[in-house]
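Before any comments, here is the structure.
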Amino acid sequence: MVPLHGLLFGQAGFQIILLLLAAGAVLLIACGNIASFQLARATSRRSEMAVRASLGASRGRVMRQLLTESTLLALASGVAAVLLAYWSLGLLKALIPPTIPRTGAIRLDTAVLVYAAVISLATGVLFGLAPALAASRTRLTEVLKEGQQVVEKGWGRLRTQNVFVIAQFALGLVLANSGLLLIQSYVSLRDVDQGFDQQRTLTMALSLDGERYDEPQERQAFYDQLVPRLEAIPGVVSAAATSKLPLLGGTNGPTITEERYAQDPDQDGILTEQTTIVGDYFRAMGIPLLAGRTLLPEDADTVHTGVVINEAAAQRFWPDEDPLGKRFGFGGNPPHWLTVVGVVGNVRQWGAEYAARPELYGDYRLNSRMRMFLILSADGDPATLIVPARDAVLSVDPLQPVSEIQTMGQILATQLSGREFYTLLISLFSALALALAAAGIYGVISYFVVRRTRELGIRLALGAGPRGIITLVVRRALWIVGLGLLLGVGGVFVSTRIIGSLLYHIQPLDILTILCGIGFLLVVGVVASLIPAVRTTRISPVTALRME
């Protein structure tokens with residue numbers, strides 16, 4: 093039994109939760125930026141706050157004013173975000189793959205608007221609190237003595253602004269590492285050999301319903317006429333039919349080998365996929381024959397039934413033995429024995445991410461199905477075969493429709509679309525986080541340079557060269573960035589438990605990936621800090637010394 097929620101949503105629920113966590117991380121980074129800029133703005137308004145205090149404004153009154161300003165800014169941003177979300181809703185629906193259910197129900201409703209308002213209000217209050225506290229502690233006597241210039245007590249002292257930037261780079265490293273891992277995982281899965289020809293194979297479904305096809309012989313006669321007509325179409329290399337397509341699941345049951353049955357007839361069998369085929373299915377699908385031969389009409393004999401198995405079944409049933417001529421069977425006492433006449437390559441039956449299971453291929457005469465899939469192998473573009481293949485079906489039965497026309501490449505793309513979608517979104521979130529972190533370090537270093545213009549002017553006047561000034565400023569930035577990346581490494585270790593289940597053949601804790609993320613963020617930090625540093629060296633020492 094499977095819960096209805098699990099049947100409808102599968103892994104999509106976990107993927108959406110991961111995207112929400114990534115969006116939350118980006119929100120925190122953005123809020124850290126705003127708080128940092130608000131702190132810089134509050135410091136530049138020390139004189140204004142001192143005048144307000146001298147005129148009788150209490151500390152609470154000053155805090156209320158600054159909190160009101162940050163809240164209004166946050167609410168204005170929330171309105172802009174809702175408008176942007178409404179505008180981009182169509183684009184988002186176009187990007188969402190069909191593997192994520194109920195995409196048609198996505199819309200902006202009252203709950204979304206209330207959520208946006210609450211988040212905007214909460215971020216305005218929480219991240220405006222630190223700047224408000226800093227500005228409300230302004231002392232009139234200090235401002236009158238120092239004027240606009242406030243001397244920092246030591247180069248290495250950690251300030252609130254730096255804390256926000258450190259947190260931004262820590263979260264940025266976590267997102268960057270997650271994005272890099274997901275990209276590697278997607279590329280690894282995309283390049284895996286699924287066991288069949290993806291590019292030149294056309295499929296279409298048909299169902300032989302109605303009184304005309306009640307008997308198995310009637311269904312067999314239909315395919316006996318249809319397959320030769322399909323193979324006669326110009327551009328068709330081979331044609332066949334199958335009861336199920338790769339990657340889309342199948343039918344299975346427990347099987348037991350003749351040797352194991354002789355030892356213990358009651359022991360549990362091995363779960364084996366069962367596929368019914370018509371014609372040269374393996375050639376049409378591009379599945380290689382590894383040993384023996386493919387099916388012949390005489391293999392449908394109910395006494396000496398011949399079947400073809402895949403490599404996974406051969407290794408599972410008879411490891412280190414020649415499987416040709418061996419017998420196994422489903423249920424019964426004794427079971428109906430099936431003789432192995434050939435071994436073919438593995439095909440992933442239950443999805444691109446899942447390894448091949450033991451599988452047998454039997455002739456259509458043994459188990460005729462009403463619903464089947466036609467397979468056409470083309471020597472060029474398989475889309476050109478759609479119309480003539482449909483005409484061939486109608487020539488056998490004018491009332492028989494075909495449906496679900498698609499290539500195996502399209503089926504594989506649909507299988508990978510969900511992973512491609514959240515990999516794309518996580519990568520976009522990572523890029524946005526890096527941009528915000530760069531803006532954060534740029535803002536802090538710019539503010540640091542502005543507040544130290546007079547000091548840097550003195551250094552220039554005393555003979556310090558531009559290189560020394562740039563080194564001084566960049567060293568300050570690297571100190572902040574380094575602390576952020578150090579904390580980010582810890583965050584990466586924690587995040588591996590979340591993202592590990594979404595990776596395919598990629599270790600969630602990859603040192604090279606972490607080092608790449610650290611190196612990239614270091615470059616971002618250095619480049620962002622170089623701009624204000626270089627700009628400082630262009631200021632005349634005389635002008636800098638006159639600044640108060």
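Take the sequence shown: its letter number 264 is residue 356 in the numbering used here, and every next letter is one higher. Ideal Cβ positions, reconstructed from N, Cα and C, are used throughout, including at glycine. Just so we're clear, the structure is a prediction, and the values are computed from it rather than from any experiment.
Exercise. Candidates TRP429, PRO189 and ILE533: which alpha carbon is nearest VAL395's?
Worked result: One-based indexing of the sequence shown puts residue 395 at position 303. Looking from the CA of VAL395, the closest CA among TRP429, PRO189 and ILE533 belongs to TRP429.
Exercise. Is the beta carbon of GLY535 sitting closer than 7 angstroms to the one on PHE261?
Worked result: Position 443 of the sequence shown, counted from the start, is the residue given in the question as residue 535. Position 169 of the sequence shown, counted from the start, is the residue given in the question as residue 261. Contact flag unset, no.
For this session: Taking PRO427 as part of the beta strand (DSSP E), name the residues at either end of that continuous run.
Result: Position 335 of the sequence shown, counted from the first residue, corresponds to residue 427. According to the DSSP assignment, PRO427 belongs to the beta strand (DSSP E) that extends over 427-436.
Exercise. If we count the other Cβ atoms within 10 Å of its Cβ and call it buried at 16 or more, is LEU200 buried or exposed?
Worked result: As a position in the sequence shown, residue 200 is number 108, starting the count at 1. Counting Cβ neighbours within 10 Å, LEU200 comes out exposed, since fewer than 16 surround it.
Exercise. By how many angstroms is the C-alpha of ALA203 removed from the C-alpha of VAL242?
Worked result: Within the sequence shown, the letter at position 150 stands for residue 242. Within the sequence shown, the letter at position 111 stands for residue 203. Low local confidence applies: a pLDDT of 44 at VAL242 is under 50, so the model's placement there is unreliable, and no value is given.
For this session: Please determine if the stretch 564-584 and the stretch 615-622 are in contact, where contact requires at least 3 C-beta pairs separated by less than 8 angstroms.
Result: The answer is yes - the stretch 615-622 touches the stretch 564-584, with three or more Cβ pairs under 8 angstroms.
Exercise. Considering ALA647, what are the terminal residues of the beta strand (DSSP E) in which it resides?
Worked result: There is no way to answer for residue 647, as the model of the chain reaches only from 93 to 640.
Exercise. When you compare only the Cα positions, how much space is there between LEU273 and ALA173?
Worked result: Counted from its first residue, the sequence shown places residue 273 at position 181. Counted from its first residue, the sequence shown places residue 173 at position 81. So the two alpha carbons sit approximately 29 angstroms from each other.
For this session: Determine the direct distance from the alpha carbon of ILE275 to that of CYS608, and round the result to whole angstroms.
Result: Here residue 608 is taken as the residue at index 516 of the sequence shown, counted from 1. Here residue 275 is taken as the residue at index 183 of the sequence shown, counted from 1. When rounded, the separation of the alpha-carbon atoms in CYS608 and ILE275 is 13 angstroms.
For this session: Return the first residue and the last residue of the beta strand (DSSP E) that SER495 is part of.
Result: Mapped onto the sequence shown, residue 495 falls at position 403. Per DSSP, SER495 belongs to the beta strand (DSSP E) from 495-499.
For this session: Kindly list the residues whose CB is nearer than 6 angstroms to the CB of GLY583, restricted to its own chain and excluding five residues on each side of it in sequence; keep chain order.
Result: As a first step, residue 583 is located in the sequence shown; it is residue number 491 there, counting from the start. Shown here for GLY583: same chain residues with a beta carbon closer than 6 angstroms to its own, the five before and five after excluded, namely ALA262 and VAL266 in chain order.
Exercise. Given GLU323, which residues of its chain have a CB within under 7 angstroms of its CB, disregarding the five upstream and five downstream residues?
Worked result: Stepping through the sequence shown from its first residue, residue 323 is reached at position 231. Closer than 7 angstroms at Cβ, skipping near neighbours: SER330 and ALA331.
Exercise. Using the rule of at least 16 other Cβ atoms within 10 Å of the residue's Cβ for burial, across every protein chain shown, is ASN425 buried or exposed?
Worked result: Here the question's residue 425 lines up with position 333 in the sequence shown. ASN425 should be labelled exposed.
For this session: Counting only runs of 3+ residues fully inside the stretch 340-380, write out the beta strand (DSSP E) ranges in chain order.
Result: Those beta strand (DSSP E) runs which fall completely within the stretch 340-380 and span 3+ residues are 343-349 and 362-371.
For this session: Closer than 6 angstroms by C-beta to GLY421: which residues in its own chain qualify, once you throw out the five before and the five after it? Chain order, please.
Result: Walking along the sequence shown from the start, residue 421 turns up at place 329. Its chain contains PRO427, HIS428, TRP429 and LEU430 as the residues whose beta carbon lies nearer than 6 angstroms to that of GLY421, once the 5 sequence neighbours on both sides are disregarded; these appear in chain order.
Exercise. Using a beta-carbon distance below 7 angstroms, is ALA376 in contact with chain B?
Worked result: Note that chain B does not occur in the displayed structure, where there is just one protein chain.
Exercise. Going by other Cβ atoms of all chains shown within 10 Å of its Cβ, with 16 needed for buried, is SER487 buried or exposed?
Worked result: Here the question's residue 487 lines up with position 395 in the sequence shown. Its Cβ having fewer than 16 others within 10 Å, SER487 is exposed.
Exercise. From which residue to which residue does the beta strand (DSSP E) around VAL400 run?
Worked result: Position 308 of the sequence shown, counting from 1, holds the residue named residue 400. Residue range 397-402 is occupied by the beta strand (DSSP E) that includes VAL400.
Problem set entry | Residue interval of the alpha helix (DSSP H) (run including ARG463) | Walking along the sequence shown from the start, residue 463 turns up at place 371. No alpha helix (DSSP H) contains ARG463, which is instead part of the beta strand (DSSP E) from 463-470.
For this session: Taking 8 angstroms as the threshold, find out whether the stretch 472-479 comes into contact with the stretch 333-349 through three or more Cβ pairs.
Result: Between the stretch 472-479 and the stretch 333-349 there are fewer than three inter-stretch CB-CB distances shorter than 8 angstroms, so the stretches are not counted as touching.
Exercise. Would a C-beta distance cut-off of 7 angstroms place LEU466 and MET296 closer than the cut-off?
Worked result: Stepping through the sequence shown from its first residue, residue 466 is reached at position 374. Stepping through the sequence shown from its first residue, residue 296 is reached at position 204. Result yes, Cβ atoms of LEU466 and MET296 sit closer than 7 angstroms.
Exercise. What are the boundary residues of the alpha helix (DSSP H) that TYR453 is part of?
Worked result: In the sequence shown, the residue the question calls residue 453 occupies position 361. Here TYR453 belongs to no alpha helix (DSSP H); instead the beta strand (DSSP E) covers 451-455.
Exercise. Does the Cβ-Cβ distance between THR386 and LEU452 come in under 7 angstroms?
Worked result: In the sequence shown, the residue the question calls residue 386 occupies position 294. In the sequence shown, the residue the question calls residue 452 occupies position 360. Contact flag unset, no.
Exercise. In whole angstroms, what separates the C-alpha of SER277 from that of LEU595?
Worked result: Here residue 277 refers to the residue found at position 185 of the sequence shown. Here residue 595 refers to the residue found at position 503 of the sequence shown. Their Cα atoms are separated by approximately 5 angstroms.
Problem set entry | Segment contact, 8 angstroms Cβ cut-off, at least three pairs: the stretch 346-354 with the stretch 432-447 | By the C-beta criterion, the stretch 346-354 is judged not to be in contact with the stretch 432-447, since fewer than 3 inter-stretch pairs fall below 8 angstroms.
Exercise. Quick one: what does DSSP say LEU669 is sitting in, helix, strand or coil?
Worked result: Examination of residue 669 is not possible in this model, given that the chain is present from 93 through 640 alone.
Problem set entry | Strand pairing of THR293, partner residues [DSSP] | The residue given as residue 293 occupies position 201 in the sequence shown. As computed with DSSP, THR293 is found in a beta bridge with SER469.
Exercise. Exposed or buried, which one is SER469 when buried takes at least 16 other CB atoms within 10 Å?
Worked result: To locate residue 469, count along the sequence shown from 1; it is residue 377. Counting Cβ neighbours within 10 Å, SER469 comes out buried, since at least 16 surround it.
Exercise. Hey, how far is the Cα of VAL565 from the Cα of ALA553?
Worked result: Residue 565 sits at position 473 when you count from the first residue of the sequence shown. Residue 553 sits at position 461 when you count from the first residue of the sequence shown. Pairing VAL565 with ALA553, the inter-Cα distance amounts to about 17 angstroms.
For this session: Using the Cα positions of PRO474 and THR293, report the straight-line distance between them to the nearest angstrom.
Result: On the sequence shown, position 382 is the one that residue 474 refers to. On the sequence shown, position 201 is the one that residue 293 refers to. Between PRO474 and THR293, the C-alpha separation is close to 6 angstroms.
Exercise. Would the stretch 365-384 and the stretch 449-464 be scored as touching if the rule is three or more Cβ pairs under 8 angstroms?
Worked result: With the cut-off at 8 angstroms, the stretch 365-384 and the stretch 449-464 touch.
For this session: Determine the DSSP secondary structure at GLY421, reduced to helix, strand or coil.
Result: For the purposes of this step, residue 421 is identified with residue 329 of the sequence shown, where counting begins at 1. Three-state DSSP puts GLY421 in a strand.
For this session: For TYR178, count neighbouring C-beta atoms within 10 Å of its own C-beta (all shown protein chains included) and say buried if the count is 16 or more, exposed if not.
Result: Position 86 of the sequence shown, counted from the first residue, corresponds to residue 178. The residue in question, TYR178, is exposed, as its Cβ has fewer than 16 Cβ neighbours within 10 Å.
Problem set entry | Per DSSP, cross-strand counterpart(s) of LEU298 | As a working note, residue 298 is residue 206 in the sequence shown. MET464, per the DSSP bridge assignment.
Exercise. Considering only C-alpha positions, which residue in the set LEU176, ARG511, ILE362 and ARG627 is nearest to TRP410?
Worked result: Translated into the one-based positions of the sequence shown, residue 410 becomes position 318. Restricting attention to LEU176, ARG511, ILE362 and ARG627, the CA atom closest to the CA of TRP410 is found in ILE362.
Exercise. Which same chain residues, not among the five before or five after PHE256, have their C-beta less than 6 angstroms away from its C-beta?
Worked result: On the sequence shown, residue 256 is found 164 positions in, with the first residue counted as 1. Cβ neighbours of PHE256 beyond the five flanking positions: GLY124, ALA127 and SER128.
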